[in-house]
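Protein sequence lines, in the order shown, are assigned to chains A and B. When the letters of the first sequence are read in order and numbered with this note's numbering, they come out as residues 105 to 510. When the letters of the second sequence are read in order and numbered with this note's numbering, they come out as residues 868 to 1089. We put the CB at the ideal spot given by N, CA and C, even for glycine.
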Amino acid sequence: MKKLDEYRPIVGRNIIRELRFLGERLQGKSVLNINSTRIGGGVAEILINLVPLLNQVGVEARWDVISGDPAFFDVTKKIHNALHGRPETITEDDYQLFIEVNLRNMERMDLGGDIVFIHDPQPIMLINRKTRRQKWIWRCHIDISRADKVLFQFLREYIIKYDSLVFSSPLFSRRFPRRQFLISPSIDPLSDKNRELPEETIANVLNKYRIDPGRPILTQISRFDYLKDPVGVIETFKLVKKYNDCQLILAGNKAADDPETDKILAEVREAAGDDPDIHILLISPENNDIEINALQRASTVIIQKSIREGFGLVVSEALWKARPVVASAVGGIPLQVEHERTGILCRTIVGAAWGVKKLLNNPEYAAWLGKNGKEHVRQHFLLTRHLRDYLLLFLALYRDEDIIML
Amino acid sequence: MTKINKNIAPFTFYTRFNLPELTGLTASNLVQLLRLIREVPGSSIYHHTHRFVEKHQYLSLESPNDFSGWVSNVLGEKTLGEKLNGIDTFGFSTIHDLRRALVETIEAYLKEHPEAKKRFADRDSLFHFIKSVSFILPMPYRVDSLESFERVLKRVSISSIFFHMYEARLRLERGTNDFSYWLETALLKKELGDRIAALDPYAFTLEGLRKKIINILENNKK
């Protein structure tokens, strides 16, 4: 388990000291976090690191997950897609299964604590067990600005029972009769996925996957998911490769709650055809973090051509490694990539290809963007900032003023 | 030796944290923007005129308020954007007056250019009104001399400098920044306080402002 003081060399001693002062104001408060999976996906990655740090500053933090069978996670995947605005058919039976699994979890789980912090829609109905003395928060990591109307009405009934709501981008907020806070997610600079790596480790990973370290490497790291547009990345690569010698890596792993991966992987392999410069890597979970880290550090340009995003933390991971990034202007990505200041934003395949070529052909400019991007992440998207915002959020649950003297 | 005014407490450094709260209010054109600038809480006006100070600590400053950036880049009203850019935030001692300046600038522009009412942002580029919830807490740094003041100033967080130089003056309506007030009333160093009070903090990055204040204190020793 990492100690808070280990972050001091990265963020400075003042930040660590201030976190401890804030934690003192919450001594004795207990917080229960609940989401749908312990492995895979951004939410689980954050909770793994954040829960121990909350405890180190004096908050009694716990983390639990709801249980459900594959059929439930098929439904929650549909819900996830429909909230992002993708057409999905959610049947009466689907709704019924969603309700039943939530009811079972409601009966099974220990939902004690001063503050209960629910992450994403899967466990949203647990709010029905809120007691009068508790404060409940719903954190939505998804872009719901184009959500399916029927589904949104169904969820809204539960959303408005929470004391406060948290969104990752202003674009995701709507008018609710509840306080809504803006808190970006974060990356852990000390995790295997983000820490500095020896050159030898990077070389070994490239060698393992038969990637040529002597030629430019374009990389997209993401789950194999329609919303990440892996086929669009291959088309981008083909446009770039007309004029620039390069290789493409599409690498990701499987999340426990994502049943669609195999289908999309097949489509990606078909789009790649027999091009030996396209490397489609399904990284096994036990090697995932170090290998992803190495692939990002070895990349000349990192692409994130998502169609929809909640936040797209993988962009911050790339920026933290001072890599130049070309990413879609969707969801929380424009908060991380400020166009031509910390990276390049795109909206189309040709736009992405133009951005990649600009970076390949102007390495000094690419390095300048990468350096800016790293500082931007240091200030706004590291775990310590996230910890601070959660402490402030917990304090705000008990105070209504805009200026709070502690 | 520094002369101490025994009636005034030593200077306590505070720090301040900001938690942005989403209002759910959005504008898609200038008419809506104007209406909401009139109606939103002062903490929202404060957020959109101060966010840039905290946001950019490593690059040169961008638009000094969110309104000018949106008007220029999204609605394409470059002239109005420049006028909003030119509003001298440091020249106001209350949010109320700053809000009035924003309103009057947009009103005057719309009167002169009524066609500007017809320009709309697309749904991905709406102006989202956010407000700042500030948490202010004392730090364990109390000083009672110029030397100890300078020593602590060199190592406090930039959030502390932000609080004493920006938030205390405008949002808490103390009229001047906390450093100048204390230098003048506790240490009886009016001239030194005036020199710091004359700095336009909106023209600096936070680290740049720290350096400038320390520079003023060091020059004072000569």
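Next on the checklist: Assuming the contact rule is C-beta atoms closer than 8 Å, Ala582 of chain A and Val1000 of chain B should be a hit. Round their C-beta distance to whole Å, please.
Outcome noted: The structure shown does not extend to residue 582 of chain A, since chain A is modelled only from 105 to 510, so the question has no answer here.
Next on the checklist: Contact between the stretch 336-344 of chain A and the stretch 295-313 of chain A is defined here as three or more beta-carbon pairs at a separation below 8 Å; is this criterion met?
Outcome noted: no
Next on the checklist: Am I right that Leu301 of chain A and Asn397 of chain A are in contact with their C-beta atoms under 8 Å? What's the rounded C-beta distance?
Outcome noted: 6 Å
Checklist entry - Met210 of chain A lies in the alpha helix (DSSP H); which residues open and close that run? => result 196-212
Item to check | Cutoff 8 Å: Ile248 of chain A Cβ touching any chain B Cβ | outcome: no
Next on the checklist: By the three-class DSSP mapping on this structure, what secondary structure does Pro1007 of chain B have?
Outcome noted: strand
Checklist entry - Less than 8 Å separating the beta-carbons of Val1010 of chain B and Pro877 of chain B? => result yes
Item to check | Residue from B:Ser1047, B:Leu1004, B:Tyr1008 with nearest C-alpha to Thr879 of chain B | outcome: B:Tyr1008
Checklist entry - Comparing alpha-carbon positions, which option in B:Pro931, B:Glu1014, B:Asn896 lies nearest Lys985 of chain B? => result B:Asn896
Item to check | Which residues DSSP lists as bridging Ala355 of chain A, in chain order | outcome: A:Ile325, A:Leu385
Checklist entry - Mind pulling the chain B residues with CB within less than 7 Å of Ala500 of chain A? => result Leu886, Val1000
Item to check | N- and C-terminal bounds of the beta strand (DSSP E) containing Ser249 of chain A | outcome: Counting along the chain, Ser249 of chain A falls outside any beta strand (DSSP E), and DSSP gives it neither H nor E.
Item to check | Any C-beta of chain A under 8 Å from that of Gly891 of chain B | outcome: yes
Item to check | Nearest residue (CA-CA) to Tyr976 of chain B, options B:Lys998, B:Phe994, B:Glu944 | outcome: B:Glu944
Item to check | Spatial neighbours of Leu439 of chain A in its chain, beta-carbon cut-off 7 Å, leaving aside the 5 residues before and after | outcome: Ser273, Ser288
Checklist entry - Does Val1023 of chain B have its Cβ less than 8 Å from a Cβ in chain A? => result yes
Next on the checklist: So if DSSP puts Gln408 of chain A in a beta bridge, which residue, or which two residues, is it bridged to?
Outcome noted: A:Ala431
Checklist entry - From the beta carbon of Gln512 of chain A, is the nearest beta carbon of chain B less than 8 Å away? => result Because residue 512 of chain A is not part of the residues shown, which for chain A are 105 to 510, the question remains open.
Item to check | Ile241 of chain A vs Asp218 of chain A beta-carbon contact at 8 Å | outcome: no
Item to check | Per-residue DSSP class, three states only, for Glu888 of chain B | outcome: strand
Next on the checklist: Here's a check: name, in chain order, each residue in its chain whose Cβ is nearer than 7 Å to the Cβ of Ile1028 of chain B, leaving out the five neighbours to either side.
Outcome noted: Leu1073, Leu1076, Arg1077
Checklist entry - When you compare each of A:Asn159, A:Ile194, A:Gly189 to Phe176 of chain A by their alpha carbons, which one comes out closest? => result A:Ile194
Checklist entry - Starting from Lys1088 of chain B and walking both ways along the alpha helix (DSSP H), at which residues does that stretch end? => result 1073-1088
Next on the checklist: So that I know if they touch, is there some Cβ in chain B lying closer than 8 Å to that of Ser285 of chain A?
Outcome noted: Checking the sequence shown, residue 285 of chain A turns out to be Phe, not Ser. Yes - at least one Cβ of chain B is within 8 Å of the one on Phe285 of chain A.
Checklist entry - What are the complete beta strand (DSSP E) segments, minimum 3 residues, inside the stretch 929-1015 of chain B? => result 994-1010
Checklist entry - At what residues does the alpha helix (DSSP H) containing Asp1061 of chain B begin and finish? => result 1057-1064
Next on the checklist: For Asn137 of chain A, list the residues DSSP reports as bridge partners.
Outcome noted: A:Trp167, A:Phe221
Checklist entry - Does any residue of chain A bring its CB to less than 8 Å from the CB of Leu1084 of chain B? => result no
Checklist entry - Just checking my contact of Lys1079 of chain B with Leu1059 of chain B at CB under 8 Å: how many whole Å lie between their CB atoms? => result Actually they are not in contact, since the Cβ atoms of Lys1079 of chain B and Leu1059 of chain B sit about 13 Å apart, beyond 8 Å.
Item to check | C-beta neighbour in chain B for Phe125 of chain A, strict 8 Å | outcome: yes
Item to check | Buried versus exposed call for Gly132 of chain A [16 or more other C-beta atoms within 10 Å across all chains shown] | outcome: exposed
Next on the checklist: Can you tell me whether Thr893 of chain B is buried or exposed? The criterion is at least 16 other CB atoms within 10 Å of its CB, across all chains shown.
Outcome noted: buried
Item to check | Coarse secondary structure for Ser268 of chain A, derived from DSSP in three states | outcome: strand
Item to check | alpha helix (DSSP H) segment containing Phe280 of chain A, residue limits | outcome: Segment: none, Phe280 of chain A is in no alpha helix (DSSP H) and carries neither H nor E.
Checklist entry - What did DSSP end up calling Gly447 of chain A once you bin it into helix, strand or coil? => result strand
Item to check | Residue nearest to Leu1013 of chain B in terms of C-alpha spacing, selected from B:Leu1004, B:Ala1053, B:His914, B:His1031 | outcome: B:Ala1053
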